[in-house]
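Below you'll find the structure, written out as structure tokens, and then a few comments.
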């Protein structure tokens, strides 16, 4: 009988790989928006997309390469800081006029989603201890 250790590793890597794709699409939207001149929405999307994608890549590699939780904590902290930057840049670039509230709401929502991903991404201490990566 063959016992497979760390059977959850591919599932965790797959989830974070999906996050890389989603945040990569968000970054691509940001780049397209910058070229279109919609800076108020595009720049915060670009910041969130790049930070989320980079953080998810780091966490995926740490899961696949048996690294400790310190690398994941650093990636999560970086994404949390980027979430604050996303909101600050969104407020700073929001146009004056009736659409200002909409732009701030969208950029704040993007920052909140990045912060939520940073809070729940990676392995928990219990998962890492079970797989021997604590």
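In this note's numbering, the protein residues as written are 29 to 162.
Glycine included, every Cβ here is placed at the ideal spot set by N, Cα and C.
Here the structure is a predicted model, which is why all the values come from computation and not from measurement.
With burial defined as no fewer than 16 other Cβ atoms inside 10 Å of the residue's Cβ, what is the status of residue i: buried or exposed?
{"i": "residue 151", "result": "buried"}
{"i": "residue 68", "result": "buried"}
{"i": "residue 138", "result": "buried"}
{"i": "residue 47", "result": "buried"}
{"i": "residue 114", "result": "buried"}
{"i": "residue 83", "result": "buried"}
{"i": "residue 147", "result": "exposed"}
{"i": "residue 154", "result": "Interpretation of residue 154 is limited by its pLDDT of 49, a score under 50 that renders its predicted location unreliable; no figure is taken from the coordinates."}
{"i": "residue 140", "result": "exposed"}
{"i": "residue 51", "result": "buried"}
{"i": "residue 55", "result": "buried"}
{"i": "residue 64", "result": "exposed"}
{"i": "residue 110", "result": "buried"}
{"i": "residue 142", "result": "buried"}
{"i": "residue 98", "result": "exposed"}
{"i": "residue 40", "result": "buried"}
{"i": "residue 118", "result": "buried"}
Along the chain, where does the alpha helix (DSSP H) that runs through residue i open and close?
{"i": "residue 129", "result": "128-148"}
Looking at C-alpha atoms only, which residue of the options is the closest neighbour of residue i?
{"i": "residue 81", "options": "108, 131, 64", "result": "108"}
{"i": "residue 120", "options": "70, 78, 99, 98", "result": "70"}
{"i": "residue 116", "options": "49, 42, 76, 44", "result": "76"}
{"i": "residue 85", "options": "112, 45, 98, 128", "result": "45"}
{"i": "residue 132", "options": "78, 72, 99, 79", "result": "72"}
{"i": "residue 112", "options": "130, 129, 79", "result": "79"}
Determine, using beta carbons only, whether residue i comes closer than 9 Å to chain C.
{"i": "residue 99", "result": "Protein chain content of the structure displayed is limited to a single chain, and chain C is not contained in it."}
TODO: Decide yes or no for the touch test of the region 83-93 against the region 101-111: beta carbon pairs closer than 8 Å, at least 3 of them.
DONE: yes
Open item on the list: For the region 43-61 against the region 116-127, do three or more pairs of beta-carbon atoms, one drawn from each stretch, fall closer than 8 Å, so that the two count as touching?
Closed with: no
- [ ] Ignoring anything shorter than 4 residues or poking outside the region 29-113, list the alpha helix (DSSP H) runs there in chain order.
- [x] 37-64, 67-92
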